[in-house]
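Counted the way the numbering used here counts, the sequence shown spans residues 96 to 265. Beta carbons: idealized from backbone N, C-alpha and C, even for Gly. None of the values given here were measured: they were computed from a predicted structure. Inspection log for the structure reproduced underneath, given as structure tokens.
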Amino acid sequence: MINVMSYSNLASIDWSNWCPVEVGTLMYVFDVSKILLIRKKRGLGAGKVNGPGGRIDGSEAPLDCAVRETQEEVGISPIDPFLVGRMCYQNTDGYSMDVFIYRAESYSGNLRCSNEAEPYWIDIGEIPYEDMWPTDRYWLPLVLDRKSFTVYTLYSENAVLDCKIKDEIL
96 MINVMSYSNL
106 ASIDWSNWCP
116 VEVGTLMYVF
126 DVSKILLIRK
136 KRGLGAGKVN
146 GPGGRIDGSE
156 APLDCAVRET
166 QEEVGISPID
176 PFLVGRMCYQ
186 NTDGYSMDVF
196 IYRAESYSGN
206 LRCSNEAEPY
216 WIDIGEIPYE
226 DMWPTDRYWL
236 PLVLDRKSFT
246 VYTLYSENAV
256 LDCKIKDEIL
């Protein structure tokens, strides 16, 4: 059971003892000046645009999860992905998720749709931030620039209450 939290801002959260409900991943794959995005068909963020990703299974390593989820959702295998960021997501309804964010500059395989995602390539300058989670517009440019970061976000339903970005992966 998830308990409703009385958080009003990020400072009200003890991040040193924070224990997320779930751990997940995102993978951003690039092809020259294009980025692979998906429109989620179901689950958390259904209808939103994001990178492929999902929840870690059991003792699976975050990188293994990011690669597996990308293969399952869009049919391609990222080559030499690397960790660029981490998102510590807390919602006032008690749900929380620690998300490891990866970048890959190449891939193998053929892009395909799945029951979870509709993938598409888009020019980096045309990213549809208005169709994404509200805080993506703050940290996705760091992924584009290959800069390391940790983003802390506090949401109430789909509204951002607070957001802070540090320029290192914690």
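Original post:
Which word fits Ala254, buried or exposed, when buried means at least 16 other C-beta atoms lie within 10 angstroms of its C-beta?
Top reply: So Ala254 counts as exposed.
Original post:
Can you check whether the CB of Thr245 is closer than 8 Å to the CB of Gly180?
Top reply: It is a contact, given that the beta carbons lie within the stated cut-off.
Subject >> Reduced DSSP category for Arg252 - H, G, I as helix; E, B as strand; rest coil >> reply: At residue 252 the sequence reads Glu, which differs from the Arg that was named. Correct three-state label for Glu252: coil.
Original post:
If you scan the region 115–195 from start to end, which runs of the beta strand (DSSP E) of 3 or more residues do you find wholly inside it?
Top reply: Scanning the region 115–195 from its first residue to its last, the whole beta strand (DSSP E) runs of 3-plus residues come out as 117–126, 129–135, 148–150, 171–174 and 177–186.
**OP:** Rounded to whole angstroms, what's the CA-CA distance from Pro115 to Gly189? Just pull it up for me.
**Re:** Rounded to the nearest angstrom, the two C-alpha atoms are 9 Å apart.
**OP:** Below 8 Å on the Cβ atoms is my guess for Ile122 versus Thr165; work out the distance and round it to an integer in Å.
**Re:** The sequence shown places Met at residue 122, rather than the Ile named in the question. Going by Cβ atoms, the distance from Met122 to Thr165 rounds to 5 Å, so yes, they are a contact pair.
Original post:
In three-state DSSP terms, what is Asp240?
Top reply: Here Asp240 sits in coil by DSSP.
**OP:** Could you tell me which of Glu213, Gly138, Asp218 and Trp234 sits nearest to Tyr262, measuring between CA atoms?
**Re:** Here the sequence assigns Asp to residue 262, which means Tyr is not the residue at that position. Of the candidates Glu213, Gly138, Asp218 and Trp234, the one whose C-alpha sits nearest the C-alpha of Asp262 is Trp234.
**OP:** Go through its chain and collect everything with a Cβ distance to Cys208's Cβ below 7 Å, but skip five positions before and after it.
**Re:** Apart from the 5 residues on each side of it in sequence, Cys208 sits with its Cβ closer than 7 Å to the Cβ of Pro214 in its chain, given in chain order.
Original post:
Using CA coordinates, which residue listed in Gly148, Leu131 and Gly170 is at the minimum distance from Val118?
Top reply: Nearest C-alpha to Val118: Gly148.
Original post:
CA-CA distance, Pro173 and Ser103?
Top reply: Going by the C-alpha atoms only, they are around 38 Å apart.
Original post:
In whole angstroms, what separates the C-alpha of Gly204 from that of Ile260?
Top reply: Taking the straight line joining both Cα atoms gives about 34 Å.
Subject >> Test item: CB-CB of Leu105 and Asp257 under 8 Å >> reply: Result yes, Cβ atoms of Leu105 and Asp257 sit closer than 8 Å.
Subject >> Backbone CA spacing between Arg241 and Glu221 [nearest angstrom] >> reply: In this structure, the alpha-carbon of Arg241 lies about 18 Å from that of Glu221.
**OP:** Return the CA-CA distance between Tyr247 and Leu139, expressed in angstroms with no decimal places.
**Re:** Going by the C-alpha atoms only, they are around 18 Å apart.
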